[in-house]
Amino acid sequence: VYREKPAVLRKAIDSILTQTYAGFEYLIVLDDPENRELEEIILEYADKDDRIVFLKNEKNMGVGASANKAMALARYPYIARMDADDISEPERFEKQLAFLKAHPEYKAVTCKLITMDEEEHVLSYGSALPDTFEKLKKGMAYINIVAQNGTMFEKAFVQSLGGYRKIEPAEDHDLWLRMLASGGKIGVVDEYLVRYRLGEGNISIRKAMEQWYADKYVRALYRERLKKGTDSFSPENLHHYLQKHHCFDEKRKERFYRGNLLFREARVSVRSRHFFRGIGGLIHAVIVCPAIVDIILTSVRYKLSVR
């Protein structure tokens, strides 16, 4: 929990407390210690349901560090992650837990997402996920298709990897790639079990370019790990990589955001069989930001890897 709207936070909490599988503890981490309004809401729920464990960070730590903190205190063998502005469908825990117990060789399981806007109107249903582990593993080398806010994983295995590393905003992709490199399988419950809220905080100009290059960085670490059994990650190396790719240049960040937005709109046009409009949109996107060529090529490689 950070600075979500009170009504949004209540929806998120309610979606967990009304799961059909009830045998869980619910760790809620407040990552904005000055936010008294949200703290009071969490405490209100905690007074009514003793499954809730309230944790308040002394200072803002970020998503990965907050998740590691909660994981260290969690009593049960499986962890289900969700952001404070999303909604889990009632059968999410039941179905994901059943999968992990039936397939002990799998260390994590994800699901498909429904994307909604701030008012909870459905924007889209997530694309089909790969239908075999082999395809998923190949695809993950290009694009993160394992949504952290819809994933359940084995606590001990993730802790054996060192948990989340400080590679925001790509710490989840980094974790899944380390899991795959270490022999852990990731499965799929082929159902829409989480509603993902797309708001201004999710699509900010500030993060779009940094997220893309942080993701490129963790994919490079994955290839390095496959070859050497380890990788060269450090916060300093990550900062140097982002700096080298101009991720702290405000004008470049704005152009990248605009180009990426045009690319997404072009993809929608192509899927709707408006091919000329789609091709025109792709050309426009590349003119606005030449780095979009890299995104296009990565998307093509992903599609070929999971065919």
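Heads up, the sequence shown is in our numbering, so the first residue is 136 and it goes up one at a time. Beta carbons: idealized from backbone N, C-alpha and C, even for Gly. As the structure is a computational prediction, the values presented were derived from the model and not from experiment.
Under the rule that a run must span 3 or more residues, the beta strand (DSSP E) segments found entirely inside the segment 244-319 read 257-260, 287-289.
For the pair SER404 and ARG330, the Cα-to-Cα distance works out to about 24 Å. The segment 416-432 makes no contact with the segment 359-377: fewer than 3 CB pairs, one atom from each, lie closer than 8 Å. A distance below 7 Å separates the beta carbons of THR153 and PRO225. Proximity of the segment 237-250 to the segment 194-202 falls short of the contact definition, fewer than three beta-carbon pairs being nearer than 8 Å. For VAL403, the enclosing alpha helix (DSSP H) covers residues 385-406. Counting other Cβ atoms within 10 Å of its Cβ, GLY318 stays below 16 and is therefore classed as exposed.
Taking C-beta atoms as the reference points, TYR137 and ASP184 fail to come closer than 7 Å. Contact between the segment 170-186 and the segment 247-261 is absent: fewer than three C-beta pairs spanning the two stretches fall below 8 Å. For the pair of segments examined, the segment 288-305 was found to touch the segment 350-364: the number of CB pairs separated by less than 8 Å reaches three.
ARG216 is the residue among GLU255, PRO370, ARG216 whose C-alpha sits nearest the C-alpha of VAL281. Of the candidates ARG408, GLU389, TYR348, TYR348 places its Cα closest to the Cα of THR433. With fewer than 16 other Cβ atoms inside 10 Å of its own Cβ, ASN195 counts as exposed. Note on geometry: alpha-carbon atoms of GLU193 and CYS382 lie some 29 Å from one another.
Under a 10 Å Cβ-count criterion, ALA263 is classified as exposed, with fewer than 16 other Cβ atoms of the shown protein chains found around its own Cβ.
When the alpha-carbon of LYS379 is set against those of LEU208, ALA181, ILE151, MET344, the nearest one is in MET344.
Its chain contains GLY416 as the residues whose beta carbon lies nearer than 6 Å to that of GLU400, once the 5 sequence neighbours on both sides are disregarded; these appear in chain order.
Bridge partners of PHE189 according to DSSP: ILE163. LEU328 sits in a strand when the DSSP states are folded into three classes. Shown here, VAL428 sits in a helix according to DSSP, grouped into three states.
Bounds of any beta strand (DSSP E) do not take in TYR211, whose DSSP letter is neither H nor E. Per DSSP, LYS230 is one residue of the alpha helix (DSSP H) stretching across 227-237. GLN283 places its beta carbon less than 7 Å from that of ASP307. Residues of the same chain with a CB within less than 8 Å of the CB of MET206, apart from the 5 flanking positions on each side, are ILE214, LYS290, VAL293, GLN294, GLY298 in chain order.
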